[in-house]
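*Asks:*
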Amino acid sequence: MCPKGQSLVELTNSPDRILYPLVRDGGGWKRISYAEAVDLVGRSILAVKQNFPEDFAHRVVLFMPLWESRESELAALMALRMAGFPDAATPGDACIASAATVLRICLGTMNSTTTLDQALNAQTLVLWGANIAEIYPPYMRWILAAKEKGVHIVYLDPRKTPTSNFCDLHLMPRPGTDGAVALGVLHVLLKEGLFDRDYVASAVNGFDELEKAVEAYTPERVAEISWLKPGEVVRLATLLGKSNHTMFWLGGSLCRYTNGIQTVRNIIAMQAVTNNLHGTGKGVMNVQGGKPGGEERFLEHYSAPDLEAGLSIRKILYNMKRGKVDVLLLNSTYRRYPDANATKEAISKVGFVVYRGHFMNEEAELAHLIIPGTMPFESDGSQYGAQRQVVWRSKAVEKPGETSEDWKFYIDLGRRLLPDRFPAIKSAEDLYELVRQSDESWKGITLERLKTSPTGVTWPCFSAEDSESRGSIFRDGRFLTEDGKVHLSFKPLGPIRWEEPEGSPMNKSSEEYGKFPLIFLQGKVVHQWQHTYTNWSSYMAQFSEGNLVQIHPETVRDLGVGDGDWVYIETKIGKLKAKVKLSGGILPGVVWTPSHPTPKSPVPGNQGVSINTIIPSYWDKVSAQFNGFGCRLVKAG
Amino acid sequence: MNKRYAMVIDSSRCINCLACVVACQLTHQVPANFKRNWIRPGPWEFGAGVHYQPGNCMQCERPTCVDACPTGATYQDETNGIIRVNPKLCIACGSCIPACPYGARFRHPGKRIVDKCDFCQGRIGKGRSPACVETCPTRARIFGNMADAASEISRVLKARPTVRVINKKTDTEPAIYYLEKTSPLDWPVEANVPEAIRLWRDLFNPIVKAVVGMTGLAVLVMLGKQLFSDPNSEHRDQGHTGPNEAKQEMGKGPDDETPND
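Chains as they are written, first to last, in my numbering: chain A, 1054 to 1690; chain B, 98 to 358.
(1) Would you say Pro1641 (chain A) reaches chain B, if we count a Cβ-Cβ gap shorter than 9 Å as a contact?
(2) Counting along the chain, where does the alpha helix (DSSP H) carrying Gln1603 (chain A) start and finish?
(3) At a Cβ threshold of 9 Å, is Glu1598 (chain A) touching chain B?
(4) Ignore the nearest five residues each way along the sequence and tell me which others in Lys1688 (chain A)'s own chain have a CB closer than 7 Å to its CB.
(5) Starting from the Cα of Asn1588 (chain A), find the closest Cα among A:Cys1055, A:Glu1063, A:Met1054 and give me that residue.
(6) List the endpoints of the continuous beta strand (DSSP E) containing Tyr274 (chain B).
(7) Could you check what DSSP says for Ala116 (chain B) in three-state terms: helix, strand or coil?
(8) From Ala1141 (chain A) to Asp1069 (chain A), what distance separates their C-alpha atoms?
(9) Does the CB of Glu1063 (chain A) have a neighbour CB from chain B at under 9 Å?
(10) With a cut-off of 8 Å on the beta carbons, I'd call Gln1005 (chain A) and Arg1309 (chain A) a contact; round off their distance for me.
(11) Within the chosen definition, does the region 1341 to 1351 of chain A reach the region 1135 to 1153 of chain A through at least 3 CB pairs nearer than 8 Å?
(12) Between the region 100 to 124 of chain B and chain A, which residues of the former have CB atoms less than 7 Å from a CB of the latter, in chain order?
(13) For Trp1120 (chain A), which residues from the same chain have a beta carbon less than 6 Å from its beta carbon, with the 5 sequence-adjacent residues on both sides left out?
(14) Between Thr267 (chain B) and chain A, is the shortest Cβ-Cβ distance under 9 Å, so that the two count as touching?
(15) In whole angstroms, what is the alpha-carbon distance linking His1354 (chain A) and Leu1466 (chain A)?
(16) Less than 9 Å between the beta carbons of Cys111 (chain B) and Thr235 (chain B), yes or no?
(17) Specify, as a first and last residue, the run of the beta strand (DSSP E) that Cys1684 (chain A) falls within.
(18) In the DSSP assignment, find the alpha helix (DSSP H) that holds Thr1624 (chain A) and state where it starts and stops.
(19) Figure out for me which residue from B:Ile273, B:Leu254, B:Phe203 has the closest Cα to the Cα of Gly152 (chain B).
(20) Which first and last residues belong to the alpha helix (DSSP H) in which Leu1419 (chain A) is found?
(21) At least one CB of chain A closer than 9 Å to the CB of Ala201 (chain B): is that the case?
(22) Along the region 1168 to 1199 of chain A, where does the CB come closer than 7 Å to a CB of chain B? Name the residues.
(23) Is the region 1211 to 1224 of chain A touching the region 1246 to 1255 of chain A, taking contact as three or more C-beta pairs under 8 Å?
(24) Can you find a CB in chain A that lies within less than 9 Å of the CB of Pro151 (chain B)?
(25) Since Leu1133 (chain A) sits in a beta bridge, which residues does DSSP pair it with?
(26) At 4 residues or longer, what runs of the alpha helix (DSSP H) sit wholly inside the region 1460 to 1492 of chain A?
(27) For a test of the three-state rule: what should DSSP assign to Gln1436 (chain A), helix, strand or coil?
(28) Checking contacts by CB at 9 Å: is Val1579 (chain A) closer than that to chain B?
(29) Looking at C-beta atoms only, is the number of pairs between the region 1657 to 1673 of chain A and the region 1621 to 1640 of chain A that lie closer than 8 Å three or more?
(30) Quick check: Leu1709 (chain A) and Pro1139 (chain A), are their CB atoms within less than 9 Å of each other?
(31) Where are the alpha helix (DSSP H) runs, 4 residues long or more, that stay fully inside the region 222 to 252 of chain B, in chain order?
(32) Verify the CB distance criterion: does Asn1659 (chain A) have a CB-CB separation below 9 Å to chain B?
(33) Is there at least one non-hydrogen atom of the ligand SAH closer than 8 Å to the beta-carbon of Leu1303 (chain A)?
(34) Hey, how far is the Cα of Ile1464 (chain A) from the Cα of Lys1674 (chain A)?
(35) Kindly list the residues whose CB is nearer than 7 Å to the CB of Glu1245 (chain A), restricted to its own chain and excluding five residues on each side of it in sequence; keep chain order.
(36) Along the region 226 to 246 of chain B, where does the CB come closer than 8 Å to a CB of chain A? Name the residues.
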């Protein structure tokens, strides 16, 4: 288990938890009943439909998730879509949407393409930006088992982390240059003939474009971009070119740059040309790509027939700013987006903000109505892990006060909005069954089977008689794309190349160039989720020191600061005060700061400035950037 | 046959995830910032990063904390080798704290006793492993009975070279064994048993236990303890009463049994 999971014991019993629905009453809050709260939300949404009969669709918005189960997400989408509201901002926009998008386009699935047990059959395991020891401690047992079996482990990360201790080769490229490193490796692979020519001919679309694109990415040029040595690029290429079974685990970090799409595609291309996408000990794991699919049919069935297409988060925020959103169901943190203060300002223009959370945090501050949710121990429901395994969680304790499960709230809301049409769902089990019946890929994962499998059942599973589908998600060597091939070339993704991340201080045409010379990195620590509820745990806070900044001694040689001194990290939109941690475990010229602190936390260790208030708003076609832009350090008095 | 509980720690497997520390605190209701166990980072080594070394009370064969205890509250359980604190006799005087080379003891802020790891006495009595062992995602800790030649720990001790982390001047013969190449090795401090207590115990030791256990002295100790203890002392995480009426009892360790002798 990891410490974050254990913090739930404290958080569930926390005296700071909100236990009853609260509505704004002058400057304070007034307690109301759960039924009144549901009614209030229902009336507000129905009023929108009444006031804007022609164009109500985008005036009600849902911010996902913080779901305590799959059923909760599905219930929320179902309630809003049936009522004609398509806008649901997913956390992916601020997370791994780039990887999911590229995987879907290139391979036809947005999931991890294999399961972790395959790491034991690999010859080489590449953890690319995937700091498993700190992000996913429970999965370290696979890494250790692979290591013991003699699997060669390669790790790419600009910082030394506990994961470094378990790899045979640790390369530290400059943040945001991973896509260039991949192209450099491809350059060597193609030049040296270290790839599977026959396989490429039969299974890969777009190889010609790739071949042309990688020509310019010589090891020397890539070394200049990435701060690696040319020999390191060649070494990685040779290693991968000679490995017969290579598995990649992609870190979410690769998506936190505006060039995330390029990076992920280039990495997939490496696996494609070496024939390592499908088969024993091969494939691509995607850190947060464990979400099972097969829910589309269910959601389509439970949608208004004339449902409009949903808007992107940027368009939603734009609408909010102009007062064109009347109801926001804030089910998660708005601070997950860059320039959090701008997001806050946009939300403050929304007429009625409903917050479903647990504590009096920044989101509660923006709310007009708070309807507190349950904690995971207090509800039934299915959940998923990193490799498409579905697990059933049974309620362990009763929910306190008038808290409510997300699925229950959204089902109740659905029935309030559509009393005649909304299906009668009484439990998370009812809803699970409804979803299971709707898609072939779920048929084999019966509730009974799920409840008797403590480690879960891997999706997809087409019949109760089917054994679990471990290993590759692809059957018969065919990818899930239309023609069964890998697609490297796809116009909307742009040409195969690498570009500097937006705002990079290395890019002469960026606003940051010359003024903000250091490269900014933020990240999770092992004992905190981002921004959210672990900040309310004193057990997690005991390992935190608020805002701090990890820097290489060389970086601050001229600044005259030492370990424990205070500096300001300044970006083009803001600054925060952070305590200096000198460390040899980070590249010179790069600064790293933890992303969890919040000013609202009741426990000192977790108190600090919300990191995304100083993150400039840079986006690519799919998702937001959180790292790789320029910043500077200024000595604080 | 008497048991001899011990632990073998493969610190090369430790990822510093801190799960063992939190699991222990939750199991024994130790408030945040007080710890019965720890993960100690080794020195930064260029090219090698940081090595992490988990630890907890070493359940020593020659326990200097027992020597330092004036009331006999701290003692070694002869049936299994575990060093325990009898809460009825402990007056939280703190003499044992500097007597431990490992800093394994602390004054519990809510209970007015000195607290320490007892290998999860309550859990192992029911055949379970200590909480830190069970929760470790990389299985860095092996717990078991060294007196049983067939146990996993005995087999590992026989098969693999181990080291013990000791202070050169006061080797307390710890029952925690590290697989070789652990680091750091030089951190335990010299045990500091208060001179007065050492003299007193040297003089009276044979009778002290009997006296404490059987006569009015024990009653005195208990009375004193009640006088000293502050019933209102509360920690943020402990026994909070507030608007949260439906407070659950999770984390109140049913596994946490204090010594009942």
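Even for Gly, the Cβ is constructed at its ideal location relative to N, Cα and C.
*Replies:* Considering the structure as presented:
(1) Answer no: the Cβ-Cβ gap between Pro1641 (chain A) and chain B never drops below 9 Å.
(2) Per DSSP, Gln1603 (chain A) belongs to no alpha helix (DSSP H); it is in the beta strand (DSSP E), 1601 to 1604.
(3) False, the Cβ-Cβ gap to chain B never drops below 9 Å.
(4) For Lys1688 (chain A), where only same-chain residues beyond five positions count, the Cβ hits under 7 Å are Leu1612, Gly1613, Val1614, Val1620.
(5) Closest option to Asn1588 (chain A), Cα to Cα, is A:Glu1063.
(6) DSSP places Tyr274 (chain B) inside the beta strand (DSSP E), whose first and last residues are 273 to 276.
(7) For Ala116 (chain B), the three-state secondary structure derived from DSSP is helix.
(8) Taking the straight line from one Cα to the other gives about 29 Å.
(9) It does: the Cβ of Glu1063 (chain A) has a partner Cβ on chain B nearer than 9 Å.
(10) Residue 1005 (chain A) falls outside the range modelled here, since chain A spans only 1054 to 1690, and no answer is possible.
(11) Result yes; three or more Cβ-Cβ pairs closer than 8 Å.
(12) Within the region 100 to 124 of chain B, the residues whose Cβ lies closer than 7 Å to some Cβ of chain A are Arg110, Ile112, Asn113, Cys114, Leu115, Ala116, Val119, Ala120, Gln122, Leu123, listed in chain order.
(13) Excluding residues within five positions, the ones whose Cβ falls inside 6 Å are Glu1126, Asp1459.
(14) With 9 Å as the cut-off, Thr267 (chain B) does not count as an interface residue toward chain A.
(15) Approximately 18 Å between the Cα atoms of the pair.
(16) With contacts defined by Cβ atoms closer than 9 Å, Cys111 (chain B) and Thr235 (chain B) form a contacting pair.
(17) Its beta strand (DSSP E) spans residues 1683 to 1688.
(18) From DSSP, Thr1624 (chain A) is part of no alpha helix (DSSP H); its letter is neither H nor E.
(19) Nearest C-alpha to Gly152 (chain B): B:Ile273.
(20) Its alpha helix (DSSP H) spans residues 1415 to 1419.
(21) Closer than 9 Å: no.
(22) Going along the region 1168 to 1199 of chain A in chain order, one finds Ala1186, Pro1190, Pro1191, Met1193, Arg1194, Leu1197 with a Cβ nearer than 7 Å to chain B.
(23) In short, these stretches do not touch, since the Cβ pair count stays below three.
(24) Residue-level contact check: Pro151 (chain B) does not touch chain A, since none of the beta carbons of chain A fall below 9 Å from its beta carbon.
(25) None, per the DSSP bridge assignment.
(26) Whole alpha helix (DSSP H) segments, 4+ residues: 1481 to 1491.
(27) Strand at Gln1436 (chain A).
(28) Yes - at least one Cβ of chain B is within 9 Å of the one on Val1579 (chain A).
(29) Taking 8 Å as the limit for Cβ pairs, the verdict is that the region 1621 to 1640 of chain A does touch the region 1657 to 1673 of chain A.
(30) The requested residue 1709 (chain A) does not occur in the structure, where chain A is confined to residues 1054 to 1690.
(31) Counting only runs of 4 or more, we get 228 to 232.
(32) No, no contact with chain B.
(33) The ligand content of the structure shown is nil, which means the ligand SAH is not present either.
(34) When only Cα atoms are considered, Ile1464 (chain A) and Lys1674 (chain A) end up about 33 Å apart.
(35) Sequence-distant Cβ neighbours of Glu1245 (chain A) in its own chain, meaning closer than 7 Å and more than five residues away, are Gly1294.
(36) Near chain A, meaning a CB-to-CB distance below 8 Å, the residues of the region 226 to 246 of chain B are Thr232, Pro234, Thr235, Arg236.
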